[in-house]
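K.L.:
FYI, the numbering for the sequence shown is -24 to -1, 1 to 334, going by mature numbering (1 follows the signal peptide of the UniProt record, and there is no 0).
Glycine included, C-beta positions come from ideal geometry on N, C-alpha and C.
Because the structure is a prediction, the values reported are computed rather than measured.
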Amino acid sequence: MVLNHSPLLCIATFLVSIWISCNAHKHGSYMRNADDGFNHRKNWMSSISDDVPLSEMAIPGTHHSSTFTWDTDVTMTQVLNFQQQLNFGVRFFDIRIRHANNAFALHRGHLFLGLYFSDQFLNTVDNFLKNNPSETVLILLKKEYSPESNTRSMRDTLQRYLNQYADTFLQTNYRNVTLGRARGKFIIFSDYDQFNSFGLQYWECDIQDNYHLSTNWDLYNKWEGVKNQLENARNGNASSFYINYLSGRGGSFPYFVASGHSSSGTSAPRLATGLTTPGWSSSYPDFPRVGCFIGICTIAFEGTNTLTYDKLQEYNEYPSGNRRTVGIIVADFPGDSLIAAIIDNNSSIKKRLTNNSA
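#1: Would the beta-carbon of residue 114 fall within 9 angstroms of that of residue 80?
#2: Leaving aside the five residues before and after residue 182 along the sequence, list all residues of the same chain whose C-beta is less than 6 angstroms from its C-beta, in chain order.
#3: Please classify residue 255 as buried or exposed, where buried requires at least 16 other C-beta atoms within 10 Å of its C-beta.
#4: DSSP state of residue 47, grouped into three classes?
#5: In whole angstroms, what separates the C-alpha of residue 265 from that of residue 286?
#6: Taking the Cβ atom as the reference point for each residue, do residue 42 and residue 84 lie within a distance shorter than 9 angstroms?
#7: Would you report the Cα separation of residue 336 and residue 306, rounded to the nearest angstrom?
#8: What is the rounded straight-line gap between the Cα of residue 69 and the Cα of residue 125?
#9: In or out: residue 280 buried (at least 16 other Cβ within 10 Å) or exposed?
#10: Tell me which residue opens and which closes the beta strand (DSSP E) that residue 220 is part of.
#11: Short check: CB of residue 51 to CB of residue 91, under 9 angstroms?
#12: Excluding the five sequence neighbours on either side, which residues of its own chain have a C-beta within less than 6 angstroms of the C-beta of residue 308, listed in chain order?
#13: Looking at the secondary structure, which residues open and close the beta strand (DSSP E) in which residue 165 lies?
#14: Where DSSP assigns a beta bridge to residue 226, which residues make up the other side?
#15: Which residue wins for smallest C-alpha separation from residue 106, given the options 161, 88, 304?
#16: Distance check for residue 312 and residue 334, CA to CA, integer angstroms please.
#17: Using a Cβ-Cβ distance under 9 angstroms, would residue 116 count as near chain C?
#18: Taking the beta strand (DSSP E) that residue 201 falls in, what are its first and last residues?
#19: Out of curiosity, what's the CA-to-CA distance linking residue 165 and residue 138?
#20: What does the Cβ neighbour count give for residue 310, buried or exposed, with the cut at 16 atoms within 10 Å?
#21: Helix or strand or just coil, what does DSSP make of residue 182?
#22: If residue 63 sits next to residue 16, beta carbons under 8 angstroms apart, how far is it from one beta carbon to the other, in whole angstroms?
#23: Just the C-alpha distance for residue 127 and residue 26, rounded to the nearest angstrom, thanks.
#24: Who are the Cβ neighbours of residue 20 in its own chain at under 7 angstroms, not counting the five residues just before and after it?
#25: So for residue 265, helix, strand or coil by DSSP?
#26: Would you call residue 246 buried or exposed, if buried means 16 or more other Cβ atoms sit within 10 Å of its Cβ?
#27: In the DSSP assignment, find the alpha helix (DSSP H) that holds residue 158 and state where it starts and stops.
#28: Which first and last residues belong to the beta strand (DSSP E) in which residue 119 is found?
#29: What's the gap between the Cα of residue 30 and the Cα of residue 143?
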């Protein structure tokens, strides 16, 4: 029976593939343009109680936060500059530094991004916190590329920067630091031995960062890692930081991992996996079935941003008083809807506090 209808199957599959390649897919979880429509969330932490540990909060973050200056599909992971990221709700920053000429230059691998840790980044964070004292900012510092032309250690250079911004720097290695203690301050996560005395230890966090995809078809495995970490966080230890990277690269572009799109545009079409239903109905169960024609549907790729947003909507609609939040979610090209959904996940904190006081 299948063999007799194979020409019809081929024609239908071809037509469905044409349909998906011509239809735009725009979702608020992925935005590739700073003008796509973001809402200001400068003070979203003001609604959360002082006694809540930062480790229990759901916090939006960006991966390779400095790459907005380098617009290529391989390198760029963010379109929003530091000020925009802060204004729109991001509170966790992944900052990669190269020690050169006694300064911290911001890099992605060997590429200098035209930005410096103090002049462009810390200055922006410092001004933001002074104007928005209800907020706190978490900064992951990672050593990137080889040092050059220095007369002092990285530790000494960092100390000079932190002395300059002493009013807004909170030096702590206490994992249960509360929001009340951290308001109006930035805190450092150390990923380098020389920085350990300045802040929290990154290696002590519970982290999902399965970033390497050999091909586009590894996207579902990446998503399963993200999904498992969402559950790990919700069921995890209240005193632990859970960090979940939605990002990936290697045999796939960062925009593809985030969006599932055939090109980088906010409204670009989804890419088809090449599989259809009903023949492969059990494959990629969380990926969408689209372009259905005479009972045959294409299985399209879906980005981690959108898949995570959908899962967060489920959590937020039915919050459990016994669950903690999803923790720190770190994304490439996070859209307004994804940022909002992460922040809204903090409703589980409010529900638990209400239950405990009843």
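P.N.:
Checking against the coordinates, here is how it stands:
#1: no
#2: 216, 218
#3: exposed
#4: coil
#5: 15 angstroms
#6: yes
#7: What the structure shows of the chain is the stretch from -24 to 334, and residue 336 is not part of that stretch, so it cannot be assessed.
#8: 27 angstroms
#9: buried
#10: 218 to 221
#11: no
#12: 39, 53, 223, 230, 234
#13: 161 to 166
#14: 189
#15: 161
#16: Caution is warranted here: a pLDDT of 46 is assigned to residue 334, below 50, making its placement in the model unreliable, and no coordinate value can be reported.
#17: Among the chains of the structure shown, chain C does not appear; only one protein chain is present.
#18: First-last for residue 201: 195 to 210, but that is the alpha helix (DSSP H), not the beta strand (DSSP E).
#19: 14 angstroms
#20: buried
#21: strand
#22: 5 angstroms
#23: 42 angstroms
#24: 65, 319
#25: strand
#26: buried
#27: 155 to 158
#28: 112 to 119
#29: 20 angstroms
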